[in-house]
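Participant: With my numbering applied, the sequence shown corresponds to residues 7 to 307, in that order.
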Amino acid sequence: MKDFNSLLLISFVKNRFEDGDYSGVPRFDWELRKVFSNLVSLSDCFYSRLYLFYLSLFFSSKTVVITCNELSLAVPKKLNTIVVHHGVAQTHFDRDEQWRDSEAQLFCHAQEKMYKLPNRIFVSPSMWCANEFSKHYNVKTACVIPHWVEPIKKDPIDATKKPIILGDWRSYNKGDYLIDTLKERMPHVEFLQLKCTYYTRKSFYEKASLYLCLSLSEGGSYSMADAESATLPILTTDVGNYNEFECDAISWKDRDNIDLLENKLSQLLTQSKSSSFYDTWTFDDWSDAWKKVVSRFYDSH
């Protein structure tokens, strides 16, 4: 086993769990610290960028930075960097008519530029995400390491209560405008928006009957991963982790087809799952995969 303590391992993220941000990238940063005990987590600020610049001047050969798409250009070129594809800006831009302003274009251009920097390795949490980046930016397909999540033990379904369909539908990209119509068409079902912290999320999945993803673009959804770990039936558009998980998938182009959604949801509410991707993809598997990626820089120095 390699001694990773001889490396300066930095996780560079916009926000952290400690800042009260429970979205995907902060959660990934928090989970990764379970793999590397010496991993230093830095949130984006002037002093963090100044520290990275200092490391690039004096400790570049011993430093490995793990970061996300949006911050990869802020990491000095001399530093060995692992960029995790948490989302595909160009796919989002192409499919989401409400996300086509100048800021969105900047995200797309930034992701294109990050491939031209030296000392970079790219990792995706899903095969879909890796393929989308390869298609849009004409680059080699990234290494795929699916997220690991702690399995959630689901409660038995109470047949006397309304079935609960759980999902994250916070924006147009995630299908917010479809939920009211589905509620009208399926009054016997409760549609529950996932609003929770990492620590309270289990109670949502334990009582749910099904997970619904209506997104136009997803890198590797932690909320879907939690649903898979709880052995919930999943209906999803063909984005994100759907290749890795046992899902019932529809084309993202068909998400406005309410009849199709209602029929699929009704069918899945009568079904159950007895196994999960996380029965075979363990924390040790995830940890070993990440150690192999970091070792590529370790072996070169």
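Where is the CB? At the ideal position from N, CA and C, for every residue including glycine. Keep in mind it's a predicted model, so treat the numbers as computed, not measured.
1) Reducing DSSP to helix, strand and coil, say where cysteine 74 ends up.
2) Can you give the Cα-Cα distance for serine 66 and arginine 126, rounded to whole angstroms?
3) Output needed for serine 29: all residues of its chain with C-beta closer than 6 angstroms, excluding positions within five of it in sequence on either side, in chain order.
4) Quick check: what's the CA-CA separation for serine 62 versus lysine 84?
5) Using a Cβ distance threshold of 8 angstroms, determine whether the stretch 204-211 contacts the stretch 256-271, with at least three qualifying pairs required.
6) For alanine 136, which option in Cys202, Asn144, Asn21, Val150 has the closest C-alpha, if you only look at C-alpha atoms?
7) Let me know if phenylalanine 64 comes out buried or exposed under the rule of 16 or more other beta-carbons within 10 Å of its beta-carbon.
8) Helix, strand or coil: which one does DSSP assign to threonine 2?
9) Hey, quick one: how far does the alpha helix (DSSP H) through leucine 274 stretch, first residue to last?
10) Take cysteine 74 and list the residues in its own chain whose beta-carbon comes closer than 6 angstroms to its own, dropping the five residues that flank it on each side.
11) With DSSP as the reference, identify every bridge partner of aspartate 254, one or two as the case may be.
12) Would you mind stating whether phenylalanine 42 and phenylalanine 18 have Cβ atoms separated by less than 7 angstroms?
13) Which word fits lysine 167, buried or exposed, when buried means at least 16 other C-beta atoms lie within 10 angstroms of its C-beta?
14) So leucine 271 and leucine 241 are supposed to be a Cβ contact under 8 angstroms. How far apart are they, rounded?
15) Helix or strand or just coil, what does DSSP make of serine 215?
Facilitator: Taking the definition as stated:
1) As a position in the sequence shown, residue 74 is number 68, starting the count at 1. In the three-state DSSP reduction, cysteine 74 falls in the strand class (E or B).
2) Working through the sequence shown from its first residue, we reach residue 66 at position 60. Working through the sequence shown from its first residue, we reach residue 126 at position 120. The alpha-carbon of serine 66 is positioned some 13 angstroms away from that of arginine 126.
3) Taking the sequence shown and counting its residues from 1, one reaches residue 29 at position 23. Excluding sequence positions up to five before and after serine 29, its CB lies less than 6 angstroms from no other CB in the same chain.
4) Stepping through the sequence shown from its first residue, residue 62 is reached at position 56. Stepping through the sequence shown from its first residue, residue 84 is reached at position 78. Serine 62 and lysine 84 have their alpha carbons spaced roughly 6 angstroms apart.
5) No: the two stretches stay apart, fewer than three of their Cβ pairs being nearer than 8 angstroms.
6) Walking along the sequence shown from the start, residue 136 turns up at place 130. Minimum Cα distance to alanine 136 is reached at Val150.
7) In the sequence shown, counting from the first residue as 1, residue 64 sits at position 58. By the neighbour-count rule (16 or more Cβ atoms within 10 Å), phenylalanine 64 is not buried but exposed.
8) Since the displayed the chain opens at 7 and closes at 307, residue 2 lies outside it and no answer follows.
9) Counting from 1 along the sequence shown, the entry for residue 274 is found at position 268. Leucine 274 -> alpha helix (DSSP H) spans 264-274.
10) Reading the sequence shown from its first residue, position 68 is the one you call residue 74. Counting only Cβ-Cβ distances below 6 angstroms, and skipping sequence neighbours, we find Val31, Val90, His92.
11) As a working note, residue 254 is residue 248 in the sequence shown. Looking at the DSSP assignment, aspartate 254 forms a beta bridge with Leu241.
12) Taking the first residue of the sequence shown as 1, we reach residue 42 at position 36. Taking the first residue of the sequence shown as 1, we reach residue 18 at position 12. No, the pair does not count as a contact, with Cβ atoms beyond the cut-off.
13) Here residue 167 corresponds to residue number 161 of the sequence shown, with the count starting at 1. Lysine 167 comes out exposed.
14) Along the sequence shown, read from residue 1 onward, the residue named residue 271 stands at position 265. Along the sequence shown, read from residue 1 onward, the residue named residue 241 stands at position 235. With a Cβ gap of about 6 angstroms, leucine 271 and leucine 241 count as contacting.
15) As a working mapping, residue 215 is identified with position 209 in the sequence shown. If DSSP states are grouped into helix, strand and coil, serine 215 belongs with coil.
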